[in-house]
Amino acid sequence: MSGDAGHSNGHNNENNAVRDELWEAGNTTKISQLDDGGPDGGAPQGFLEIVYGVLFEPVQTMQRAAKNPPLVTALVIVTVISLLGTTMGLLTFARVFSQSLDSGGIIPATRSLAPVAVAISLVFSYVKWFGYSAILHLVADLLGGRGGARGVFAAAGLAGLPHIFLAPFQFLGYWYGLENLSVSVLLMLASLAIWIWSSVILIVGLKATHRLSTGRSVLVFITPYLALFLLLILSLIALVVTISVFPLNTNIPGYF
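With the numbering used here as the guide, the letters of the sequence shown map in order to residues 2 to 257.
Set out below in structure tokens:
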């Protein structure tokens, strides 16, 4: 018995060593063959298991999600976060205008338009999720990644889970008012911390899905932000050039 146990442990250690080497080499096919669960990574994770894992065990959870992307769970997370954000935004909007002198007709209009705002917010969240995932997948593929689009799609959705903890801070802003400096600073710090937390989870997910190094995964993550920043700079340059070519006191016939 002890000999069989020792042989089994030695075999498992050998498999783990081979799996680590294949991980570094980016060979996902052979890694799948070494796993007991087969290419699909075994039985799908449960919803609560995924939620707990994303928050507290992101590396292991994202590695399993890369093999069997939990798209339904990611969809639920994106939907819940969108609904929470929209609800808090509508409450804050109603509070601000309820303190104005001419709020009699604004509050009923806000209530009647709430379903429309929720629907628009959901559509925008889904489009942003899909578009951002597509960009990340394209950049990762250009940098040598070998993962699938479904894995990136799931990782981007799951990575937004920490934003659910922003709701209590948003409620403080609604209750005490954003004009309260302490509340505003607390909300800003909480938003920054949660964004960093979510970003780290997404980077871990990109690394697990595309079998990239940590450095390349970070580069994939920041590339859309760099592109957006570059676009902003070019837009400002174009605006400055336009203003310099057409001074403010220039009268264009037919228009002024």
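Backbone N, C-alpha and C fix where the C-beta goes; we use that ideal spot for every residue, glycine too.
Cβ neighbour criterion (16 or more within 10 Å) applied to residue i
i: Ala239; result: exposed
i: Pro169; result: exposed
i: Gly146; result: buried
i: Tyr177; result: exposed
i: Thr243; result: exposed
i: Thr62; result: buried
i: Phe247; result: exposed
i: Leu237; result: exposed
i: Ile78; result: buried
i: Arg112; result: exposed
i: Leu232; result: exposed
i: Val241; result: exposed
i: Val117; result: exposed
i: Ser214; result: exposed
i: Ser245; result: exposed
i: Ile121; result: exposed
i: Gly216; result: exposed
i: Ile82; result: buried
i: Trp196; result: exposed
Contact belief for residue i with residue j at Cβ below 8 Å, rounded distance in angstroms
i: Leu84; j: Val119; result: 7 Å
i: Ala67; j: Gly152; result: 5 Å
i: Tyr175; j: Thr93; result: 5 Å
i: Ala150; j: Ile202; result: So it is not a contact: roughly 19 Å between Cβ atoms.
i: Ile51; j: Pro70; result: Actually they do not touch by this definition, with Cβ atoms about 11 Å apart.
i: Arg212; j: Gly148; result: 7 Å
i: Leu137; j: Val221; result: 6 Å
i: Leu91; j: Ala75; result: 25 Å between Cβ atoms; not a contact.
i: Val184; j: Leu193; result: About 15 Å; that fails the 8 Å criterion.
How do the stretch 135 to 143 and the stretch 162 to 177 stand: do at least 3 beta-carbon pairs fall below 8 Å, yes or no? For the pair of segments examined, the stretch 135 to 143 was found not to touch the stretch 162 to 177: the number of CB pairs separated by less than 8 Å stays below three.
Threshold first: 4 residues or longer. Then list the alpha helix (DSSP H) segments lying entirely within the stretch 122 to 161, N to C. 150 to 159
Any chance the stretch 169 to 188 sits against the stretch 220 to 240, with 3 or more Cβ pairs inside 8 Å? no
The stretch 146 to 157 touching the stretch 204 to 216, judged by at least three CB pairs closer than 8 Å: yes
Report yes or no: do the stretch 122 to 131 and the stretch 46 to 58 share at least 3 C-beta pairs separated by less than 8 Å? no
At which residue ranges does the stretch 151 to 222 contain complete alpha helix (DSSP H) runs of 4 or more residues, listed in the order of the chain? Runs found: 167 to 177 and 182 to 211.
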